[in-house]
Amino acid sequence: MSHKGSHEYTDVSTAAIEMGDAATRAPGWNRTDTAWTVSLFGTAVGAGILFLPINAGSGGV
40 MSHKGSHEYT DVSTAAIEMG DAATRAPGWN RTDTAWTVSL FGTAVGAGIL FLPINAGSGG
100 V
């Protein structure tokens, strides 16, 4: 029930109303996303390079 002048809370934030459609769209892929992807890939490769010799040394080839 809505009355003129009453304040009702909705799931739409004030920022979403002020920004319009831009607030509801998912952001696109950008340079920061690429940097994170490369960093995580490098971390995985580095961990593998470190872990494999330790594993081979302790358990044998």
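So the number in the working numbering is just where the residue sits in the sequence shown, counting from 1, plus 39.
The beta carbon of each residue, even a glycine, is placed where N, CA and C say it ideally should be.
Remember, it's a predicted structure, so these values are computed and weren't measured experimentally.
**Report entry** For ARG70, three-class secondary structure by DSSP
**Finding:** Position 31 of the sequence shown, counting from 1, holds the residue named residue 70. ARG70: helix per DSSP, three-state reduction.
Query raised in the report: Out of curiosity, what's the CA-to-CA distance linking PRO92 and THR76?
Result: Taking the first residue of the sequence shown as 1, we reach residue 92 at position 53. Taking the first residue of the sequence shown as 1, we reach residue 76 at position 37. Between the alpha carbons of PRO92 and THR76 lies a gap of roughly 25 angstroms.
Query raised in the report: Helix or strand or just coil, what does DSSP make of GLY99?
Result: What you label residue 99 is simply residue 60 of the sequence shown in a count that begins at 1. Coil at GLY99, not helix or strand.
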